[in-house]
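> This structure is in structure tokens; I'll ask about it shortly.
Residue numbers (our numbering): 1 to 441.
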């Protein structure tokens, strides 16, 4: 078994003139500053203090002296605390540019130091109540920019404390960039760019300090990865990823509605995998929705290529069931009665026209209307002139739209009511899943 991971709490704080203690102007009583109050509340193992020091004059500024007194107070109260001082070279602690530059450097330095602690998970906490307003703002900018994943705390001044209210409050700010990532992930998902949605969700999981959001974003990134593989017809990989997420989410009843949809998709994938040797209703329906997503993503050439394969697959399925023959075999391997109807080279494959002739001899036909058959024939002639067929012509959005209209009618003709709009990996269900995912996040 892997060794247990130890959680190490690390507090980062600027140092203000009210640290470690301050006297209330109204009452004249002494109270703890924000650093002592927050340390008492969260009990960190390591405390990094960042006072400002006037290096130009060589004389320590007041905040450095305050930092030294704060360290003494912390160690006196909690001898096990490790308290480290890092004076900042800030002649003007109100200069945003200089403050942000130095704070970026110290955050990088702290992260590097804490990575050296073996077998531990670092949990960062930031006190934004000490320091200048510019320093407080820069903390938020760094968190918003993803420089550090941390819980942000505000310590309420005693005079603003209501009754027995705890002075330490978590700043539950949903930072702008985090919301931007969520919006981008949602838009990518809606447009079936699942790999891009996965990337954004992984960034959210890394950046957010909200544990539940991090967990859900990480799992939904795996779902998007599964959908990406599904779009590439890599059904086993998609099934494996979805099954893993389904099992992990089963522990959370509040996510059961979403997880039930994943279970339905896993069942669909199992059906596709178990019967992939030949065309059937499930894999042809899957191909239809794959083509639909290619159209939605503006990939018109891919949409048209899938349309052709879909029509061919419907024909093959029908011929197997109606004539008990294998339409993909070469002419030499077809039964004698087929050879009596059609004359071909032994190594040739039978064309659509050949099979229509065979069906007519048996007083049968493909289950499409004459009108639809003519539309398909005209469309195939146009397709043959495009890059998808034998020519070099482009494929327009209108071509893709017509292909999907014909594909829908073809499926309904061959299979009747297939549940086109309730397929587990179809547009309707994906929209429902998208709503549930981003509501949870």
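Don't be surprised by glycine CBs; every beta carbon is placed ideally from N, CA and C.
Since the structure is predicted, the reported quantities are computational estimates derived from the model, not experimental observations.
Would you mind stating whether residue 146 and residue 177 have Cβ atoms separated by less than 8 Å?
Reading the chain shown from its first residue, position 146 is the one you call residue 146. Reading the chain shown from its first residue, position 177 is the one you call residue 177. In this structure, residue 177 lies closer than 8 Å to residue 146 by Cβ.
> Quick one: is residue 153 buried, meaning 16 or more other Cβ sit within 10 Å of its Cβ, or exposed?
Counted from its first residue, the chain shown places residue 153 at position 153. So residue 153 ends up on the buried side.
> Evaluate the contact criterion for the region 213-227 versus the region 270-289: three or more CB pairs, one atom per stretch, below 8 Å.
Touching, no, given that fewer than three Cβ pairs across the two stretches are closer than 8 Å.
> Select from 418, 102, 99, 124 the residue whose C-alpha is nearest the C-alpha of residue 111.
In the chain shown, residue 111 corresponds to position 111, counting from 1. For residue 111, the nearest C-alpha among the options comes from 124.
> From residue 262 to residue 245, what distance separates their C-alpha atoms?
For this step, residue 262 is matched to residue 262 along the chain shown. For this step, residue 245 is matched to residue 245 along the chain shown. Distance between the alpha carbons of residue 262 and residue 245: 8 Å.
> Would the region 420-431 and the region 264-275 be scored as touching if the rule is three or more Cβ pairs under 8 Å?
Contact holds: three or more Cβ-Cβ distances are below 8 Å.
> What would DSSP say about residue 423, mapped onto helix, strand or coil?
Residue 423 sits at position 423 when you count from the first residue of the chain shown. Reduced to three states, the DSSP call for residue 423 is coil.
> Only counting the same chain, and skipping five residues up and downstream in sequence, which positions put a Cβ closer than 6 Å to that of residue 136?
As a first step, residue 136 must be located in the chain shown, where it is residue number 136. The answer, listed in chain order, is 128.
> Alpha carbon to alpha carbon, how far is residue 264 from residue 257?
On the chain shown, residue 264 is found 264 positions in, with the first residue counted as 1. On the chain shown, residue 257 is found 257 positions in, with the first residue counted as 1. If you take the alpha carbons of residue 264 and residue 257, they lie about 11 Å apart.
> Smallest Cα separation from residue 85: which of 63, 325, 408, 34?
As a working mapping, residue 85 is identified with position 85 in the chain shown. Taking only the C-alpha atoms, the option nearest residue 85 is 63.
> Mind checking whether residue 304 and residue 394 have CB atoms under 8 Å apart?
Here residue 304 corresponds to residue number 304 of the chain shown, with the count starting at 1. Here residue 394 corresponds to residue number 394 of the chain shown, with the count starting at 1. It is not a contact, given that the beta carbons lie outside the stated cut-off.
> Can you tell which of 408, 216, 107, 403 has the C-alpha that lies nearest to the C-alpha of residue 248?
On the chain shown, residue 248 is found 248 positions in, with the first residue counted as 1. With distances taken between Cα atoms, residue 248 lies closest to 216.
> Please report the distance separating the alpha-carbon of residue 41 from that of residue 134.
Position 41 of the chain shown, counting from 1, holds the residue named residue 41. Position 134 of the chain shown, counting from 1, holds the residue named residue 134. Roughly 25 Å separates the two Cα atoms.
> Can you say whether residue 118 is buried or exposed, counting buried as having 16 or more other CB atoms within 10 angstroms of its CB?
Counted from its first residue, the chain shown places residue 118 at position 118. When all chains shown are included, residue 118 counts as exposed.
> According to DSSP, simplified to helix, strand and coil, what is residue 375?
Locating residue 375 in the chain shown gives position 375, counting from the first residue. Residue 375 falls in the helix class under three-state DSSP.
> Among residues of its own chain, excluding the 5 on either side of residue 399, which ones have a beta-carbon nearer than 7 Å to its beta-carbon?
Position 399 of the chain shown, counting from 1, holds the residue named residue 399. Contacts found: 300, 304.
> Quick one: Cα of residue 181 to Cα of residue 366, how far?
The residue labelled residue 181 in the question sits at position 181 within the chain shown. The residue labelled residue 366 in the question sits at position 366 within the chain shown. Approximately 49 Å between the Cα atoms of the pair.
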